[in-house]
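As structure tokens, the structure follows; a few thoughts come after it.
Structure, rendered in structure tokens:
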């Protein structure tokens, strides 16, 4: 601490609010609010968000009002206001805020389940299908089985990936669909043919998935019987392939969002530690963190992660 009074933000179980830090945040907000520009607007948004975290208010105007009241009033009275005894801070506000954060944190899990549901539906609606799977070639060069509806599909997908054999690796832009009516006897795919024979799978229908960001993917339906797929079967497979592509794209977006949230949380934590320990503004703290990273020939994320895990050197924990 730097000697400033501290108060509970939203009750005794919440982190303490350093009034010196809160004063700096509010002062910077009021100065910037009299200027213009896109960068200024973004900084005002960040400051309002930080003030909201400190005061427990989800609305920017309410956070500013409570921050001003906290700095103007006596500590005891301010604490009462923040806990809702005077002005009735809404329990619903806090509940809705937490519910929103939980929704974000679990979004990626729900999207992954969505891919599995699409494949399960395809498995049930494509004639003679004993399993469906999705293989994803990611931007970093790795290849994964994104999901599979049955163990049979998972094993065959993994065989395609491991040996680069099968209808999925054979897909091209000129041939976005590939049907193998006699999978267990394909001379060019010996490993896949052997595994298919063991699993009693006689055919496979692969469809390239469209419009995935920075990567490619394919949908495969594994079949029994040697009859070629009918036009209706091809249409059904194409529909499910498009649905799988949509679900995978959503998963990609959710993963990117999670990475941004993790980075912001780590950098925000390190910045807050500098603010708290040295009495800096958010901008000053971020500048100190950036310069320290350059001086150490490190990255901002790496240094912030180190501080978040180990704390400031010499600071009491």
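Residue numbers (full-length UniProt numbering): 1 to 317.
Glycine included, each C-beta is placed from N, C-alpha and C at the ideal position.
Since we're looking at a predicted model, the values are computed, not measured.
Of the candidates 249, 299, 295, 299 places its Cα closest to the Cα of residue 266. Only buried fits residue 161, as 16 or more other CB atoms lie within 10 angstroms of its CB.
The DSSP-derived three-state label of residue 269 is helix. Looking from the CA of residue 292, the closest CA among 281, 283, 304, 282 belongs to 304.
Residue pairing from DSSP places residue 137 in a beta bridge opposite 143, 216. Collapsing the DSSP output to three states places residue 170 in coil. Going by DSSP, residue 162 is part of the alpha helix (DSSP H) stretching over 151-163. Residue 125 and residue 206 have their C-alpha atoms some 16 Å from each other. Residue 164 and residue 263 have their alpha carbons spaced roughly 35 Å apart.
In the DSSP assignment, residue 288 falls within the unbroken alpha helix (DSSP H) covering 282-295.
A buried status is given to residue 271, since no fewer than 16 other beta-carbon atoms sit within 10 Å of its beta-carbon. The alpha carbon of residue 308 has as its nearest neighbour, out of 281, 169, 274, the alpha carbon of 274. Comparing C-alpha distances from residue 69 to each of 245, 23, 237 shows the shortest one belongs to 23.
Taken through DSSP and simplified to helix, strand or coil, residue 132 comes out as strand. For residue 206, the three-state secondary structure derived from DSSP is strand. Judged by their CB atoms, residue 218 and residue 171 are nearer to each other than the 7 Å cut-off. Looking only at 43, 131, 136, the smallest Cα-Cα distance to residue 245 is reached by 136. Boundaries for residue 180: no alpha helix (DSSP H) harbours it, while the beta strand (DSSP E) harbouring it runs 177-180, taken from the DSSP string.
Burial is judged here by how many other beta carbons sit within 10 angstroms of a residue's own beta carbon; residue 47 has at least 16 and is buried. Under the 10 Å beta carbon count, residue 157 is surrounded by 16 or more other beta carbons and is classified as buried. Residue pairing of residue 148 in beta bridges, as defined by DSSP: 133. Looking at the DSSP output, residue 221 sits in a beta bridge with 132, 205. Rounded to the nearest whole angstrom, the CA to CA distance from residue 167 to residue 204 is 7 Å. About 58 Å separates the CB atoms of residue 44 and residue 130; that is not less than 8 Å, and the two are not in contact. For residue 228, the secondary structure class from DSSP, reduced to helix, strand or coil, is coil.
Residue 226 sits away from residue 133, with the two beta carbons spaced by 7 Å or more. For residue 194, the enclosing alpha helix (DSSP H) has its first and last residue at 190-198. Between residue 143 and residue 247, the C-beta spacing is not below 7 Å. A straight line joining the alpha-carbon of residue 242 with that of residue 210 spans about 7 Å. Annotated as distal: residue 147 and residue 191, with beta-carbon spacing of 7 Å or more. The shortest C-alpha to C-alpha distance from residue 175 to any of 233, 302, 208, 32 is the one to 208. In this structure, residue 296 and residue 288 do not form a Cβ contact; the two beta carbons are roughly 12 Å apart against a cut-off of 8 Å.
A residue is called buried when at least 16 other Cβ atoms come within 10 angstroms of its Cβ; residue 194 does not meet this threshold and is exposed.
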